[in-house]
DNA sequence: CTCTCTGCAAAGCATTTGCACATTG
DNA sequence: CAATGTGCAAATGCTTTGCAGAGAG
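Chains as they are written, first to last, in our numbering: chain X, 22 to 165; chain A, 22 to 165.
What follows is the structure, given as structure tokens:
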């Protein structure tokens, strides 16, 4: 029952552990940077009939508990991922692919920023937007 | 005609300089972290009849040229600001207020991340989400 | 058994788009 | 003038919500 590991956070919370929530957690354990629709697809594979509304409600709860992290960047649908390690994001402005990257030193800077302005209970994330290797290769567009 | 300074970027671009675009740039020069609606309000003050669609189209162009920066964080409407200095953001998870902060060292880290993964033409931004001083003071909620 | 969760379908926003006319260069 | 830009209004896409029945503890 490795599910227990995944579900632990929910069990410890004030929320009920339902099959739907468990399935969402499992989906997020298998894939990363999933949109709500993509999660719905995966969840429905083993449990048809689940609604998108439930996915969104669940994701919201999981984010509140701190099990899930949202990445949203104007326009497209938000992406969700399980909170495992602390990492940052590279977003390709062309193909919209997302890459996780770890980076040293960001935490200290973030904590300094927060301290200077009196922020508490912080989370932080460095996002780099640019053109990924593949898109740079496959296109002959000039940089602006 | 200080407008020239503001309009320069557009004049140098392949886009036409219209009264609407000029007004959007001026609005962004006066306020920061404005939503499209807020910009519309300001622009309409001097030029009634401008449409929201035009604001969005203009903002998109300005972002493409690099004159404007978007900040979007799930749920609420995106915020726009003129690109003046390089800064980062503190977002209060409670009152949703946005604060600009400059920080040393972020650029080198971002460039390292990009280099490691082969990203080019990058822009980067460190976002810290937390509880601002005021919200921490006025509420007696426990940290999660 | 009570309280919470879910599916369904409709509503809500923010943003985008097609089109005919107006404007810029 | 030819090419672009604009207003209008409708369309789109993502996310949220009200409600009545189902499920968890």
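For every residue, glycine included, the Cβ atom is placed at its ideal position computed from N, Cα and C. Please read these numbers as outputs of a predicted model, since none were measured by experiment.
Using a Cβ cut-off of 7 Å, pull out every chain X residue sitting near residue i, in sequence order please.
i                     : result
residue 126 (chain A) : 126 and 130
residue 119 (chain A) : Here the premise fails: no neighbours, minimum Cβ distance about 11 Å.
For a test of the three-state rule: what should DSSP assign to residue i, helix, strand or coil?
i                     : result
residue 66 (chain A)  : helix
residue 106 (chain A) : coil
residue 75 (chain A)  : helix
residue 141 (chain A) : strand
residue 31 (chain A)  : helix
residue 146 (chain X) : strand
residue 116 (chain X) : coil
residue 38 (chain X)  : coil
residue 55 (chain A)  : strand
residue 170 (chain A) : Any property of residue 170 (chain A) remains undetermined from this structure, which presents chain A solely from 22 to 165.
residue 50 (chain A)  : helix
residue 161 (chain A) : With a pLDDT of only 49 at residue 161 (chain A), under the threshold of 50, the placement of this residue in the model should not be trusted, and no figure is reported.
Consider the C-beta atom of residue i and the heavy atoms of the ligand NAD; say whether any pair is separated by less than 7 Å.
i                     : result
residue 157 (chain X) : You won't find the ligand NAD in this model; it holds no ligand whatsoever.
Residues of chain A with CB under 7 Å from residue i, in chain order?
i                     : result
residue 95 (chain X)  : 91, 93 and 99
residue 157 (chain X) : 141
residue 78 (chain X)  : Within 7 Å Cβ-Cβ: nothing; residue 78 (chain X) doesn't reach chain A, min ~14 Å.
residue 83 (chain X)  : Ordered by position in chain A, no residue passes the 7 Å Cβ test against residue 83 (chain X), which lies about 12 Å from the chain.
residue 146 (chain X) : 148
Quick one: which chain A residues come within Cβ less than 8 Å of residue i?
i                     : result
residue 109 (chain X) : 134
residue 39 (chain X)  : Under the 8 Å cutoff, chain A gives no residues; its nearest Cβ is about 21 Å from residue 39 (chain X).
residue 137 (chain X) : 122
I need the straight-line Cα distance from residue i to residue j, nearest angstrom please.
i                     : j                     : result
residue 135 (chain X) : residue 102 (chain A) : 21 Å
residue 141 (chain X) : residue 36 (chain A)  : 44 Å
residue 154 (chain X) : residue 117 (chain A) : 35 Å
residue 23 (chain X)  : residue 54 (chain X)  : Confidence at residue 23 (chain X) is low in this model, with a pLDDT of 46, below 50, so the placement of that residue is unreliable and no value is reported for it.
residue 165 (chain X) : residue 100 (chain X) : With a pLDDT of only 36 at residue 165 (chain X), under the threshold of 50, the placement of this residue in the model should not be trusted; the figure read from the coordinates follows. When rounded, the distance between both Cα atoms is 28 Å.
residue 33 (chain A)  : residue 80 (chain X)  : 45 Å
residue 50 (chain X)  : residue 114 (chain X) : 26 Å
residue 112 (chain X) : residue 128 (chain A) : 16 Å
residue 163 (chain A) : residue 108 (chain A) : In this prediction, residue 163 (chain A) has a pLDDT of 41, which is less than 50 and means its spatial position is unreliable; what the coordinates show is noted afterwards. In a straight line, the C-alpha of residue 163 (chain A) is about 30 Å away from that of residue 108 (chain A).
residue 71 (chain A)  : residue 82 (chain A)  : 17 Å
residue 63 (chain X)  : residue 124 (chain X) : 31 Å
residue 48 (chain A)  : residue 120 (chain A) : 19 Å
residue 93 (chain A)  : residue 28 (chain X)  : 31 Å
residue 56 (chain X)  : residue 76 (chain X)  : 10 Å
residue 159 (chain A) : residue 78 (chain X)  : 28 Å
residue 69 (chain A)  : residue 106 (chain A) : 31 Å
residue 110 (chain X) : residue 145 (chain A) : 10 Å
residue 133 (chain A) : residue 139 (chain X) : 29 Å
residue 137 (chain X) : residue 89 (chain A)  : 26 Å
residue 38 (chain X)  : residue 156 (chain A) : 31 Å
residue 65 (chain A)  : residue 65 (chain X)  : 48 Å
Suppose contacts are defined by Cβ-Cβ distances below 8 Å. Is residue i in contact with residue j by that definition?
i                     : j                     : result
residue 126 (chain X) : residue 52 (chain A)  : no
residue 151 (chain X) : residue 91 (chain A)  : no
residue 131 (chain A) : residue 147 (chain X) : yes
residue 61 (chain X)  : residue 73 (chain X)  : yes
residue 44 (chain A)  : residue 58 (chain A)  : no
residue 104 (chain X) : residue 85 (chain X)  : no
residue 122 (chain X) : residue 143 (chain A) : no
residue 31 (chain X)  : residue 42 (chain X)  : yes
For a contact meaning CB atoms closer than 9 Å, what does residue i contact in chain X?
i                     : result
residue 104 (chain A) : Within chain X, no residue comes near residue 104 (chain A); the closest Cβ sits about 13 Å away, beyond 9 Å.
residue 45 (chain A)  : Within 9 Å Cβ-Cβ: nothing; residue 45 (chain A) doesn't reach chain X, min ~17 Å.
Query raised in the report: Which residues, in order along the region 48 to 70 of chain X, keep a beta-carbon less than 9 Å from a beta-carbon of chain A?
Result: none
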